[in-house]
Structures are given as C-alpha cells and as structure tokens.
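Residue numbers (my numbering): 1 to 319.
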C-alpha cells in the first residue's frame, strides 16, 4: 500500500490535468486558442501512473493529445497554457501550439501531429538509450487509431530484433477520431498486436490509477532488467470528442455518462483516499482550491502574455 502523501500528490497531478483541460476548452470557445486542440479528459490516470515509475534518464513521446503529459512531467501550467494561446511565453515560444509541445529538460520529445509518427521516433529514442548505455527507457504513447498504422509494426519488429528498452503504451480510448475501434480493428483485439513480434503485452485498466501504477512498475522492471520491449494495452476513455471541433455524435450521451459515473479515474482515487486512507474532506477541498487557483492563474498569464515578435518566425528554424 502506498503512503497517503504519494497518492495525494498523484491525485493533485490528475486534478491539475483535468482542470487544465477544462479551462483550455473554455479558452478555445472564447477564441483565445486557435487551430486544433485535443483534450485528455478522462485519461489522466495513464500518464500520471506511468510517470511515477519513470527515472530522470528515461524519455517519452506521445501524439497530439499532449498537454497532460507536459504538465505531469513538470512543465509549468503557465508555459503550457501560453503555448496553447500561441504566446511568446509558451514552452515553445508560441510556435508549437497544442499539438507540438516539447521539453528537452524533461526528456519529452513531443507532441506529434501525424498519426503514429511518434512510434518510430520513440523507437529511435530507445535505440539511443541502448547505444549510450544510460539505463534509460523510452515510453512511447499512441492510440488505438495509430495502432493500425504500418510504421507501428515496423517499429515493433526493429525493437524486438534489437532488444530495445522501450515501453509501448497503447492508449485504447475506443474511438479513433469518429470510428469505434470495434469497427476498425481486425483480429481478436489490439491486445494481440505484439504477438507476431514476440513482444509481451500487459493489459491495464487505464481508469484505475492503482492498476496503472502496479502494471507500469511491472513493465518497467521487465524492460530495465534487459529482457526485451513490452506493450502496455491501456483500456481508457476520453470524455470529449477527438478534438474541440468534434461534436462526438458517433456515441451516445448515456455511454459517456455511464463511464463518468462508474469509472472516472479521479473520483476513484478520491473515494479510495477517503475510504481507505482516511483522508479528511477538508484536505481534498484544499487541494481542489489550490488547483483551481493554479489553473486560473495560468489562463490569466496566457491571455496577458504577448504574441511572438515577427522576427521569431525564423528563430530556431533550420533554413
């Protein structure tokens, strides 16, 4: 059993991710955020649970649904929100936006806008760890939609052949844009996609922080001991549409509400803190208020920050 301080900290991280995304949706509606914006609401336990088992030398990479990854890995909410708003104070100086966030300081290599493109890049990160012998692991996050892309299986093949230190995290939120996985996935399920390459798969309830913590520790120990790559098949669920422009009419409100009512990852941690860790409601209320203040300040910071100067257009760009 984890110490209550650890779970409270993880609960706080999940809450920051949730409230941040809700505020981002609000700012998008108000016109402060333009372009594409993909929210992570409902999937918070995945990155929070897995990152708890990462070491400083490890690296990670994900898709365009990347805000919560940045926040959980330690990037300031101010910088992330400013980046969403295209401001000069953003983590990529306002030039990366929602889909292309990046933090070398935290060994986070993006935010990638092309479906599945992060998988071969992440496999390259794993090769780098092996080449440098730094005992690092690459954590490569991708969704059920990307799991049908050819480059994913080229990557699996290389990782298995070269015995690369990589944890492939398949976040199956059941809808690739507007297509249900059950309509787009051949074979028994995505859980068997590593079988042809001899890659083990661990199945995880991505709506249960404690299951993510336990299974990701198992995966990390497996890979770091030098055995081989591994896949974590994460059964999770996103509450919002694919992006802010998606009304999500391909699923029913009852379906979404049922998941919120019975499987919400934040509520499950909160209930466990109260019932098993005897955490006072006043302490949880204090955390909620603290998080609300942090997120409100990040929105204020982003709105009041300046846009990049015109001469920034060619800065950090190889011509």
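Glycine residues also receive a C-beta, built at the ideal position from the N, C-alpha and C atoms.
Assignment of beta-bridge partners to residue 143 by DSSP yields 171. Counting C-beta atoms within 10 angstroms of its own C-beta, residue 196 has fewer than 16 neighbours from the protein chains shown and is therefore classed as exposed. For residue 51, the secondary structure class from DSSP, reduced to helix, strand or coil, is helix. Annotation: residue 98 to residue 171 spans about 19 Å, alpha carbon to alpha carbon.
The Cβ atoms of residue 60 and residue 67 do not sit closer than 8 Å to each other. Looking at 258, 53, 58, 306, the one whose alpha-carbon comes closest to that of residue 134 is 58.
Residue state for residue 199 is assigned as coil, using DSSP reduced to three classes. In the three-state reduction of the DSSP assignment, residue 243 falls in the coil class, being assigned neither a helical nor a strand state. DSSP places residue 303 within a helical segment (H, G or I) once states are collapsed to three.
When secondary structure is reduced to three states using DSSP, residue 138 falls in the strand class. For the pair residue 167 and residue 139, the CB atoms are nearer than the 8 Å cut-off. Annotated three-state conformation of residue 280 is coil, per DSSP.
Taking a contact as a CB-CB distance under 8 Å, the pair residue 298 and residue 36 does not count as one, their CB atoms being some 20 Å apart. Bounds of the beta strand (DSSP E) holding residue 233 are 230-235. With a threshold of 16 other beta carbon atoms within 10 Å, residue 165 meets it and is buried. Taking C-beta atoms as the reference points, residue 105 and residue 92 fail to come closer than 8 Å.
In the structure shown, residue 315 falls within a coil segment according to DSSP collapsed to helix, strand and coil.
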